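Read the structure below first, then the notes.
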Amino acid sequence: MGQRRQPRRVQAYDGELGAAVARAQDGDEAAFAVAYRIVQPGLLGYLRSLVGDDAEDVASDAWLEIARDLGRFKGDGAGFRGWTATIARHRALDHLRRQRVRPRSSALEQDLLDLPGPHATHDEAMESLSTERALELVRELPRDQAEAVLLRVVVGLDGPAAARVLGKRPGAVRTAAHRGLKRLAHRLGVEGAEDEGVTDEASRTLGESK
Amino acid sequence: MGERLSGDGVRGRRRAHPDGALSGPWDALDDAGLEMLLATALRGGHSDADAEQRAVAAFRVARDSGAHRARTRRRDDWRVREERRVGRPVKTTLGVLFASLTLGGVAVAAIGSAGSSSDNGDGRGDAHPSTVAPHRPRGESSQSSAGSGRPDHPATAQDAEAHCRAYEQVKSRGKALDSTAWHWLVSAAHGEDKVVAYCSEQLARATERSTPSHSAATDGTGNSDKDAAKTGEKSAKSDGSSQGSDGRGSTSGGQGGAGKGSGGKGK
Chain A
678 MGQRRQPRRV
688 QAYDGELGAA
698 VARAQDGDEA
708 AFAVAYRIVQ
718 PGLLGYLRSL
728 VGDDAEDVAS
738 DAWLEIARDL
748 GRFKGDGAGF
758 RGWTATIARH
768 RALDHLRRQR
778 VRPRSSALEQ
788 DLLDLPGPHA
798 THDEAMESLS
808 TERALELVRE
818 LPRDQAEAVL
828 LRVVVGLDGP
838 AAARVLGKRP
848 GAVRTAAHRG
858 LKRLAHRLGV
868 EGAEDEGVTD
878 EASRTLGESK
Chain B
322 MGERLSGDGV
332 RGRRRAHPDG
342 ALSGPWDALD
352 DAGLEMLLAT
362 ALRGGHSDAD
372 AEQRAVAAFR
382 VARDSGAHRA
392 RTRRRDDWRV
402 REERRVGRPV
412 KTTLGVLFAS
422 LTLGGVAVAA
432 IGSAGSSSDN
442 GDGRGDAHPS
452 TVAPHRPRGE
462 SSQSSAGSGR
472 PDHPATAQDA
482 EAHCRAYEQV
492 KSRGKALDST
502 AWHWLVSAAH
512 GEDKVVAYCS
522 EQLARATERS
532 TPSHSAATDG
542 TGNSDKDAAK
552 TGEKSAKSDG
562 SSQGSDGRGS
572 TSGGQGGAGK
582 GSGGKGK
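For the protein sequence lines, the chains are A and B, in the order given.
Numbering-wise, the first sequence is residues 678 to 887 according to the working numbering.
Numbering-wise, the second sequence is residues 322 to 588 according to the working numbering.
Here it is in structure tokens:
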């Protein structure tokens, strides 16, 4: 199935990433920029659902720390994803602590309206899901499920790495990701079929994407 | 991805709605499709060139200031487990070595009080319990050797002497004694500020004792003192590994103790 291959795209750059990190550790700043470009989109997606609009600021802080501590890091491309995700997560949690804002209560309307372009190339009848709507759906999940899904799917970590980032057992994280995805699929499926139990805003979004 | 996240969970649920209620655009969605959809929707978006520049600038500063030579902490080590092990043997070996030296020293300190050659067998017996329990307070291990020690020469005096020598030696190098030994000394001296006085007294007594008696005892204690000093310096470092390798640590500790004990006897 063509679909099976698709999610791997997130990790497809791991080899390249590992090489870039190694060169950056030898002092090559262009290589560091390459690593940045590979990792940043996933980090930002993850951070957005944790801290909403402040994601870019938090990511910026995280990158300062990553840049500073790069020499300490040991591992390959996949490891670098995990390491950076851990740093980003700590920054996000610090941020939330400072703000005393619960992760899912922060505003998510603004700034997130940039819809991704149509992805008809990806597969059959799959329609694009707006960033806004996707974020909203993910934020409806319990926090552990949301994080597990994001780390696996958006950041591109494997199970053990996601577990290490979250400081939990791999089994627990696998279960959380499974439940989270199931719930998301359910929400999407239900909405697609009957618009049942969704907010007005959600229906509107769905109407757009149909 | 190594493992499928949701298996057939998603499809299974969909099959539970056979009435075709799910004929919307999401109908074709399986777990992989959903993951793709989410990844596409949530990843990144617009790239901010300024943010990248700031990150690269921070990288440059760190590189030029030598920050990149900082040591790898545990949380920075993301190598897969097999790779990580490759880096360990040296550390582990050193840890075991320190542990055996340390424990050997304790054993010798215990044996040393026995002094005469007839105690060699006993010494071996004593060395073992004190090595398998490296965290046991010194008082206890001295009790275990008190049985075989000379009655006129209580083991606590010996211990005090050993600790004091360790203290002197370590202090002169500007290092701190490990907490167990330090607490021992503080309680023995009845106060932190009295340790120095206590120790000078103890060491003076030890010199008195050793002068008239046979030189073997002096040698034995001298030996053990050195090792006890090592205890002070190294126990903090070697604690972790000595716990991890109890079996090996205790074995080599026992050997070390026996070996040194007989060395003292030979003289």
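Ideal Cβ positions, reconstructed from N, Cα and C, are used throughout, including at glycine.
Quick caveat, the model's predicted, so the values are computed rather than measured.
Can you have a look at residue i and say buried or exposed, based on whether 16 or more other CB atoms are within 10 angstroms of its CB?
{"i": "H389 of chain B", "result": "buried"}
{"i": "R486 of chain B", "result": "buried"}
{"i": "D731 of chain A", "result": "buried"}
{"i": "T423 of chain B", "result": "buried"}
{"i": "L849 of chain A", "result": "According to the sequence as given, residue 849 of chain A is Ala; it is not Leu. Classification for A849 of chain A: exposed."}
{"i": "G719 of chain A", "result": "buried"}
{"i": "H511 of chain B", "result": "exposed"}
{"i": "D352 of chain B", "result": "buried"}
{"i": "D397 of chain B", "result": "buried"}
{"i": "R775 of chain A", "result": "exposed"}
{"i": "A689 of chain A", "result": "exposed"}
{"i": "Q374 of chain B", "result": "exposed"}
{"i": "R846 of chain A", "result": "exposed"}
{"i": "R864 of chain A", "result": "buried"}
{"i": "A701 of chain A", "result": "buried"}
{"i": "R841 of chain A", "result": "buried"}
{"i": "S521 of chain B", "result": "exposed"}
{"i": "A839 of chain A", "result": "buried"}
{"i": "A370 of chain B", "result": "exposed"}
{"i": "E824 of chain A", "result": "buried"}
{"i": "E356 of chain B", "result": "buried"}
{"i": "G893 of chain A", "result": "This structure gives no information on residue 893 of chain A, because the portion of chain A shown stretches from 678 to 887."}
{"i": "R392 of chain B", "result": "exposed"}
{"i": "G729 of chain A", "result": "buried"}
{"i": "M354 of chain B", "result": "Note on residue identity: the sequence assigns Gly, not Met, to residue 354 of chain B. The residue is buried, with at least 16 neighbouring Cβ atoms inside 10 Å."}
{"i": "V382 of chain B", "result": "exposed"}
Taking the alpha-carbon of residue i as reference, which of the options has the nearest alpha-carbon?
{"i": "A862 of chain A", "options": "A:P847, A:L828, A:L806, A:A840", "result": "A:L806"}
{"i": "A481 of chain B", "options": "B:E489, B:T501, B:L506, B:S421", "result": "B:L506"}
{"i": "I715 of chain A", "options": "A:L770, A:P847, A:F757", "result": "A:F757"}
{"i": "A769 of chain A", "options": "A:D753, A:D738, A:V815, A:F750", "result": "A:D738"}
{"i": "P837 of chain A", "options": "B:H484, B:H504, B:G512, B:V401", "result": "B:V401"}
{"i": "L721 of chain A", "options": "A:W740, A:A710, A:A839, A:G704", "result": "A:W740"}
{"i": "D705 of chain A", "options": "A:Q717, A:A736, A:R816, A:L747", "result": "A:L747"}
{"i": "W399 of chain B", "options": "A:R856, A:D835, A:H767, A:L724", "result": "A:D835"}
{"i": "D844 of chain A", "options": "A:W760, A:A755, A:D734", "result": "Reading the sequence as shown, one finds Gly at residue 844 of chain A and not Asp. Of the candidates A:W760, A:A755, A:D734, the one whose C-alpha sits nearest the C-alpha of G844 of chain A is A:W760."}
{"i": "R860 of chain A", "options": "A:E742, A:R749, A:L818", "result": "A:L818"}
{"i": "R856 of chain A", "options": "A:V826, A:Y713, A:Q717", "result": "A:V826"}
{"i": "Q523 of chain B", "options": "B:T477, B:A372, B:F419, B:L359", "result": "B:T477"}
{"i": "D771 of chain A", "options": "A:Q717, A:L724, A:G752", "result": "A:L724"}
{"i": "R364 of chain B", "options": "A:T808, A:E813, A:Y713, A:G866", "result": "A:T808"}
{"i": "G866 of chain A", "options": "A:D821, A:E733, A:L814", "result": "A:L814"}
{"i": "Y713 of chain A", "options": "A:D734, A:I743, A:L727", "result": "A:I743"}
{"i": "D691 of chain A", "options": "A:G754, A:F709, A:E733", "result": "A:G754"}
{"i": "A762 of chain A", "options": "A:R777, A:A736, A:L812", "result": "A:A736"}
{"i": "R816 of chain A", "options": "A:D703, A:L727, A:A707, A:A696", "result": "A:L727"}
{"i": "Q717 of chain A", "options": "A:D821, A:E733, A:A696", "result": "A:E733"}
What's the C-alpha gap between residue i and residue j?
{"i": "E801 of chain A", "j": "R810 of chain A", "result": "A caution first: E801 of chain A carries a pLDDT of 35, below 50, which makes its placement in the model unreliable, though a value can still be read off. In a straight line, the C-alpha of E801 of chain A is about 21 Å away from that of R810 of chain A."}
{"i": "E693 of chain A", "j": "R851 of chain A", "result": "27 Å"}
{"i": "V698 of chain A", "j": "T361 of chain B", "result": "24 Å"}
{"i": "V377 of chain B", "j": "R384 of chain B", "result": "10 Å"}
{"i": "V830 of chain A", "j": "R395 of chain B", "result": "26 Å"}
{"i": "V832 of chain A", "j": "A509 of chain B", "result": "58 Å"}
{"i": "Q490 of chain B", "j": "H484 of chain B", "result": "10 Å"}
{"i": "E529 of chain B", "j": "T501 of chain B", "result": "27 Å"}
{"i": "I888 of chain A", "j": "S421 of chain B", "result": "Look at the range of chain A in this structure, 678 to 887, and you will see that residue 888 of chain A is not part of it."}
{"i": "K515 of chain B", "j": "A525 of chain B", "result": "15 Å"}
{"i": "F380 of chain B", "j": "A853 of chain A", "result": "35 Å"}
{"i": "L828 of chain A", "j": "F419 of chain B", "result": "42 Å"}
{"i": "A527 of chain B", "j": "Y519 of chain B", "result": "12 Å"}
{"i": "Q479 of chain B", "j": "H767 of chain A", "result": "52 Å"}
{"i": "A710 of chain A", "j": "G695 of chain A", "result": "13 Å"}
{"i": "D745 of chain A", "j": "D703 of chain A", "result": "One detail in the question is off: residue 745 of chain A reads as Arg in this sequence, not Asp. So the alpha carbons of these two residues sit roughly 14 Å apart."}
{"i": "D821 of chain A", "j": "S386 of chain B", "result": "39 Å"}
Is there a C-beta anywhere in chain D that falls below 8 Å from the one on residue i?
{"i": "R530 of chain B", "result": "Structure shown: chain D not included; protein chains present are A and B."}
In terms of residue numbering, what span does the alpha helix (DSSP H) encompassing residue i cover?
{"i": "L720 of chain A", "result": "706-728"}
{"i": "R390 of chain B", "result": "Counting along the chain, R390 of chain B falls outside any alpha helix (DSSP H), and DSSP gives it neither H nor E."}
{"i": "G756 of chain A", "result": "754-776"}
{"i": "F380 of chain B", "result": "370-385"}
{"i": "E356 of chain B", "result": "352-363"}
{"i": "E742 of chain A", "result": "732-746"}
{"i": "R846 of chain A", "result": "R846 of chain A -> no alpha helix (DSSP H), and no H or E assigned at all."}
{"i": "R891 of chain A", "result": "The question about residue 891 of chain A has no answer here: the residues shown for chain A are numbered 678 through 887."}
Length at least 4, wholly inside the segment 818-842 of chain A: the alpha helix (DSSP H) runs in chain order: For secondary structure counted as the alpha helix (DSSP H) over 4 or more consecutive residues, the segment 818-842 of chain A holds these complete runs in sequence order: 820-826.
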